[in-house]
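Residue numbers (the UniProt record's numbering): 1 to 461. Step one of this worksheet: look at the structure below.
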């Protein structure tokens with residue numbers, strides 16, 4: 001017969017850490033105001049970490065009275081406290097920590113060679129702090145890009161950038177990216193962004209490294225051109241020039257022709273004059289088709305696509321083409337305009353956002369909208385409505401599937417999903433007191449719309 005007493009032993013070691021009885025090492029973690037003192041035991045640290053086996057060699061340690069002293073200023077005190085509790089007890093609780101703190105924990109565990117804790121922190125960051133990775137891709141990539149132990153996080157971050165390019169290129173943060181990191185992003189085949197927009201981002205990155213450079217390339221000196229050639233030599237090779245429409249190439253790329261080799265300029269001229277003769281190389285390869293939405297990113301529509309197919313999870317690769325046919329800020333918050341532009345188009349997805357509220361609301365009509373002027377009910381059972389915390393990720397996603405009828409068209413209204421939500425001009429309303437046809441209530445019952453969009457849904461291939 002055998003048993004174990006891990007729980008009791010863990011509790012005993014926890015008390016040893018808390019009270020510091022018989023400690024032989026004073027460990028200082030953090031820097032300046034964050035600095036904190038821990039009374040620890042070298043034998044425990046060395047038994048658990050090869051890093052400490054080397055770092056706590058007595059010939060390298062200083063003494064303070066009869067105790068040894070070790071400084072770890074590059075690891076914040078609260079992060080080191082998590083690590084010490086892990087080393088002493090095997091216990092880890094990071095639920096209260098945000099993405100930034102968990103990233104710091106990840107970097108510290110890599111340095112301290114704590115593989116199990118590193119993998120735990122990496123997986124937790126991906127699964128439970130996804131929004132942090134999506135919203136701060138530059139910080140995450142710059143922190144872990146060269147760490148072999150963080151390969152899983154690196155690939156996850158690159159994949160999220162492909163799905164939601166606006167999080168990277170929507171601010172100037174990407175201008176701080178090192179060349180090799182930016183190059184790996186440009187290598188991705190599944191970047192959902194127009195190639196011409198990617199080219200503009202590359203040029204902005206390049207010119208940011210030469211603050212005195214004039215805006216127009218026609219005003220560049222020979223030295224300016226040579227400097228930019230050197231700066232962009234690697235990145236230019238990752239732009240899919242021959243996947244651009246000819247007009248975009250002519251307007252946005254051709255003015256910078258002096259940056260290109262003679263061979264590339266010749267191929268580009270051929271591309272304009274004989275578009276069917278695209279070179280058979282990376283510059284002609286197409287990427288993922290960008291989603292034309294101001295409200296949501298790829299990950300949101302990947303989940304909506306899953307819901308359309310009665311799944312509870314998102315697709316990695318969306319099997320549908322979502323084509324924008326109506327945008328209220330562009331086409332007008334006008335019910336008649338909506339009916340004119342969206343009627344008889346087949347299945348559609350409606351996405352809406354109320355002013356001064358980050359939540360995203362939407363609905364799927366698997367039938368079609370009707371503009372005959374009479375009341376029209378769609379009886380499609382696979383209609384649904386949904387709500388998300390914001391348009392950047394699928395955090396807080398809720399779905400309500402149709403339990404009665406799918407949609408209602410009437411000449412006086414815009415998109416109408418029963419009483420659960422409907423749009424009238426620029427007014428959003430949700431009132432289920434009379435009838436709840438989708439099983440969920442929207443968190444906002446009324447308000448002024450900031451935007452709404454309508455997409456047709458067509459299966460690819």
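C-beta atoms are modelled at their ideal positions from N, C-alpha and C, and glycine is treated no differently. On a predicted model such as this, the values are computed, not experimentally measured, just so you know.
Query - For residue 39, the three-state DSSP class (helix, strand or coil) - result: strand
Query raised in the report: With contact counted as at least three CB pairs below 8 Å, one residue from each stretch, are the segment 65 to 84 and the segment 10 to 27 in contact?
Result: yes
Query raised in the report: If you run the structure through DSSP and keep just helix, strand and coil, what is residue 321?
Result: strand
Query raised in the report: Taking Cβ to Cβ, would you say residue 138 is nearer than 8 Å to residue 177?
Result: yes
Query raised in the report: Looking at C-alpha atoms only, which residue of 212, 352 and 348 is the closest neighbour of residue 369?
Result: 348
Query - Reduced DSSP category for residue 168 - H, G, I as helix; E, B as strand; rest coil - result: helix
**Report entry** Per DSSP, cross-strand counterpart(s) of residue 421
**Finding:** 417
**Report entry** Beta-carbon gap between residue 100 and residue 132 smaller than 8 Å
**Finding:** yes
Query raised in the report: What are the partner residues of residue 386, as DSSP defines its beta bridges?
Result: 362 and 399
**Report entry** Endpoints, beta strand (DSSP E) assigned at residue 447
**Finding:** 446 to 459
Query raised in the report: Which whole-angstrom value describes the C-beta separation of residue 421 and residue 442, a residue pair presumed to lie in contact below a C-beta threshold of 8 Å?
Result: 6 Å
Report task. Let me know if residue 455 comes out buried or exposed under the rule of 16 or more other beta-carbons within 10 Å of its beta-carbon. Result -> buried
Query raised in the report: Between which two residues does the beta strand (DSSP E) harbouring residue 369 extend?
Result: Careful: residue 369 lies outside any beta strand (DSSP E) and carries neither H nor E.
Requested in this report: Look up residue 350 in the DSSP assignment and give the residues it is bridged to.
Outcome: 363 and 454
Query raised in the report: What's the gap between the Cα of residue 331 and the Cα of residue 351?
Result: 15 Å
Query raised in the report: Whose CA, out of 292, 243, 289 and 259, lies closest to the CA of residue 272?
Result: 243
Query raised in the report: Among residues of its own chain, excluding the 5 on either side of residue 12, which ones have a beta-carbon nearer than 8 Å to its beta-carbon?
Result: none
Requested in this report: Over the uninterrupted beta strand (DSSP E) stretch that includes residue 427, give me the two end residues.
Outcome: 427 to 429
Query raised in the report: By a C-beta neighbour count over all protein chains shown, 10 Å radius and 16 as the cutoff for buried, is residue 358 buried or exposed?
Result: exposed
Query raised in the report: Starting from residue 21 and walking both ways along the alpha helix (DSSP H), at which residues does that stretch end?
Result: It is not in any alpha helix (DSSP H) - residue 21 carries neither H nor E in the DSSP assignment.
Query - Exposure label - residue 299; buried when at least 16 CB within 10 Å - result: buried
Query raised in the report: Between residue 229 and residue 259, is the Cβ-Cβ spacing less than 8 Å?
Result: yes
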